[in-house]
Amino acid sequence: MEADRSSYKLNDFIADDSFKEWALGMAKSDFWDSYRTQYPAQQPVVEEARLLLLALKASQQSREDDHVVEAIWENIKVGKGKKSRTVVFRPAFWRVAAAAAVLLICWGGYHFGGRKEPGFGWQDNIAALSDMTQESNTSGKPRDVRLPDGSMITLENNAVLKYDKDFNAATRTVFLRGKAFFDVARNAEKPFIIHSNGLVTKVLGTSFTIAADEDDDDVTVSVVTGKVAVVPQDRFESLPEKQSPQLSGLVLTPNQKAVYSRESAHLAKTLVENPVVVDKSLVPDHFTFENTPVNEVFAALSKAYGINLVYDSSTFQDCSLIVALEDESLYDKLRVICKTLNATYRVMGSEILIEGKGCKQ
């Protein structure tokens, strides 16, 4: 059966032979040429996968001597399986891949970057509006505001929220200055739209935090649950579907964060500072591993946190772990695992890349 490519993740693109041939310029493909137009939300990950493949190709021309570091953390055991041929991503690959990811973030900000556009600050947005309801917070502590549609907004100190008195019309539109947490009541027919200092966030029903201080160059959107789409306001105004329920722009999922630079008009996607478990069905001892293959450990972490872990499964196929990681944060879990395996990890965009030499005897 033909694979469903509409929801491909980074690993899926890299494993797809036809995509690899297209990305590396080895073959033309009308399918992949039109894919980015057909699935605009996939465009950032398509570009990231393409750059990583190009980086891998470039790294094959730069061979380095491998060095062995023997350090097994006390009281943590690494299981050794049968011998097998192991394919290792050499350090050169990760340096080139890191450069490629930096290029991706800086170059045009996932295709939304460009020259700073005037006329989309707080005063610009509210100047043309009349008959507005304003909610503000000068109490020095968080203040909850319930909107007519049932959405709950928690305003941090000095935050201001404005919305039309006819708020619950075709769309639910608000204007934010400062920092606030949004718990938006779901309504698939009426998108909820937040204008915040040049960045527009569009949702149907979810929870997230926006930080848009007028004196701060960066506007950030951090997702807790559900999905949101963010786009610079000048781009948003030109979208034909801006009032529809369709989520267009850079789509964020739980534990992801968008950072928009008002000065450079660059928009980048990364991970939140402290990712949390998003799979609420997990049992308490989900992160207790008993001779568990490392590839299964990585898969469990990826599913639990909703974050894509990028690694070469053949490198780690002979590794297994005995370890309990119940109370640690995601990054502490990864530090324990990587220290045990003599591996390293790094956050690149909205994925985590893991490098290691495996456990081949």
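For the sequence shown, counting from 1, position 3 maps to 21 in the working numbering; every step adds exactly one. Glycine residues also receive a C-beta, built at the ideal position from the N, C-alpha and C atoms.
- Cα separation between residue 170 and residue 195? Numbered from its first residue, the sequence shown carries residue 170 at position 152. Numbered from its first residue, the sequence shown carries residue 195 at position 177. Taking the straight line joining both Cα atoms gives about 16 Å.
- Message: Rounding to the nearest angstrom, what Cα-Cα distance links residue 299 and residue 251 in this structure?
- Response: Along the sequence shown, read from residue 1 onward, the residue named residue 299 stands at position 281. Along the sequence shown, read from residue 1 onward, the residue named residue 251 stands at position 233. Rounded to whole angstroms, residue 299 to residue 251 spans 37 Å at the Cα level.
- Message: When you compare the CB positions of residue 229 and residue 243, do they come within less than 7 Å of one another, or not?
- Response: Translated into the one-based positions of the sequence shown, residue 229 becomes position 211. Translated into the one-based positions of the sequence shown, residue 243 becomes position 225. Not in contact: residue 229 and residue 243 (Cβ atoms no closer than 7 Å).
- Does the beta-carbon distance from residue 316 to residue 341 come in below 7 Å? Taking the first residue of the sequence shown as 1, we reach residue 316 at position 298. Taking the first residue of the sequence shown as 1, we reach residue 341 at position 323. Cβ atoms of residue 316 and residue 341: not closer than 7 Å.
- Item | Ordered list of alpha helix (DSSP H) runs contained in the region 289–338, each at least 4 residues | Taking only runs of at least 4 residues, the alpha helix (DSSP H) segments lying wholly in the region 289–338 are 312–323.
- Query: Which residues mark the beginning and the end of the beta strand (DSSP E) in which residue 247 is found?
  - Reply: Position 229 of the sequence shown, counting from 1, holds the residue named residue 247. Residue 247 -> beta strand (DSSP E) spans 246–250.
- Task: Leaving aside the five residues before and after residue 295 along the sequence, list all residues of the same chain whose C-beta is less than 7 Å from its C-beta, in chain order.
- Result: On the sequence shown, position 277 is the one that residue 295 refers to. Within its own chain, the residues whose Cβ lies closer than 7 Å to the Cβ of residue 295, once the five positions on either side in sequence are excluded, are 322 and 323, listed in chain order.
- Check residue 65 in the structure and name its three-state DSSP category. Reading the sequence shown from its first residue, position 47 is the one you call residue 65. Helix, per DSSP.
- Would you say residue 177 and residue 203 are within 7 Å of each other, going by their C-beta atoms? Here residue 177 corresponds to residue number 159 of the sequence shown, with the count starting at 1. Here residue 203 corresponds to residue number 185 of the sequence shown, with the count starting at 1. Not closer than 7 Å, so no.
- Item | Contact belief for residue 41 with residue 68 at Cβ below 8 Å, rounded distance in angstroms | Working through the sequence shown from its first residue, we reach residue 41 at position 23. Working through the sequence shown from its first residue, we reach residue 68 at position 50. That belief holds up - the Cβ atoms of residue 41 and residue 68 are roughly 4 Å apart, short of 8 Å.
- Item | Beta-carbon proximity check, residue 241 vs residue 267, cutoff 7 Å | Residue mapping note: residue 241 aligns to position 223 of the sequence shown, counting from 1. Residue mapping note: residue 267 aligns to position 249 of the sequence shown, counting from 1. Taking 7 Å as the Cβ cut-off, residue 241 and residue 267 do not qualify as a contacting pair.
- Query: Nearest-angstrom Cα distance between residue 201 and residue 359?
  - Reply: To locate residue 201, count along the sequence shown from 1; it is residue 183. To locate residue 359, count along the sequence shown from 1; it is residue 341. Approximately 40 Å, taken between the alpha carbons.
- Environment of residue 273 [buried if 16+ CB atoms lie within 10 Å]: Within the sequence shown, numbered from 1, the residue matching residue 273 stands at position 255. Buried: at least 16 other Cβ atoms inside 10 Å.
- Task: Drop a sphere of 10 angstroms on the beta-carbon of residue 292, count the other beta-carbons inside from all chains shown, and report buried for 16 or more, exposed for fewer.
- Result: Looking up residue 292 in the sequence shown gives position 274. Under this definition residue 292 is an exposed residue.
- Task: Could you tell me the distance, in whole angstroms, from the CA atom of residue 82 to the CA atom of residue 365?
- Result: To locate residue 82, count along the sequence shown from 1; it is residue 64. To locate residue 365, count along the sequence shown from 1; it is residue 347. At residue 82 the pLDDT is 35, less than 50, meaning the model places this residue with poor confidence; the figure from the coordinates comes in the next sentence. One C-alpha to the other measures close to 23 Å.
- Straight-line Cα distance separating residue 336 from residue 309: Position 291 of the sequence shown, counted from the first residue, corresponds to residue 309. Position 318 of the sequence shown, counted from the first residue, corresponds to residue 336. Cα-Cα distance, rounded: 11 Å.
- Is residue 353 helix, strand or coil by DSSP? Translated into the one-based positions of the sequence shown, residue 353 becomes position 335. The answer is helix: DSSP assigns residue 353 an H, G or I state.
- Query: What separation, rounded to the nearest whole angstrom, lies between the Cα atoms of residue 376 and residue 333?
  - Reply: The residue given as residue 376 occupies position 358 in the sequence shown. The residue given as residue 333 occupies position 315 in the sequence shown. C-alpha of residue 376 to C-alpha of residue 333: approximately 5 Å in a straight line.
- Message: Please state the DSSP three-state secondary structure of residue 55.
- Response: Translated into the one-based positions of the sequence shown, residue 55 becomes position 37. Three-state DSSP puts residue 55 in a helix.
- Task: Could you tell me if residue 254 is buried or exposed, where buried requires 16 or more neighbouring beta carbons within 10 angstroms of its beta carbon?
- Result: One-based indexing of the sequence shown puts residue 254 at position 236. Residue 254 should be labelled buried.
- Query: Going by DSSP, which residues form a beta bridge with residue 279?
  - Reply: Here residue 279 refers to the residue found at position 261 when the sequence shown is read from its first residue. Note: residue 279 sits in a beta bridge opposite 236.
- Message: Only counting the same chain, and skipping five residues up and downstream in sequence, which positions put a Cβ closer than 7 Å to that of residue 28?
- Response: Counting from 1 along the sequence shown, the entry for residue 28 is found at position 10. Result list for residue 28: 63, 66, 67, 326, 328 and 369, in chain order.
- Between which two residues does the alpha helix (DSSP H) carrying residue 38 extend? Within the sequence shown, residue 38 is the residue found at index 20, counting from 1. Note, residue 38: alpha helix (DSSP H), 35–41.
- Quick one: what does DSSP say residue 364 is sitting in, helix, strand or coil? What you label residue 364 is simply residue 346 of the sequence shown in a count that begins at 1. Note: residue 364 maps to strand in three-state DSSP.
- Message: Spatial neighbours of residue 45 within its chain, please: C-beta separation below 8 Å, excluding the five flanking residues on both sides.
- Response: The residue labelled residue 45 in the question sits at position 27 within the sequence shown. So the list reads 36 and 39, once near-sequence residues are dropped.
- Boundaries (first-last residue) of the beta strand (DSSP E) holding residue 154: Sequence index remark: in the sequence shown, residue 154 carries index 136 (1-based). 150–154 is the extent of the beta strand (DSSP E) around residue 154.
- Message: Quick check: what's the CA-CA separation for residue 286 versus residue 277?
- Response: Translated into the one-based positions of the sequence shown, residue 286 becomes position 268. Translated into the one-based positions of the sequence shown, residue 277 becomes position 259. Taking the straight line joining both Cα atoms gives about 5 Å.
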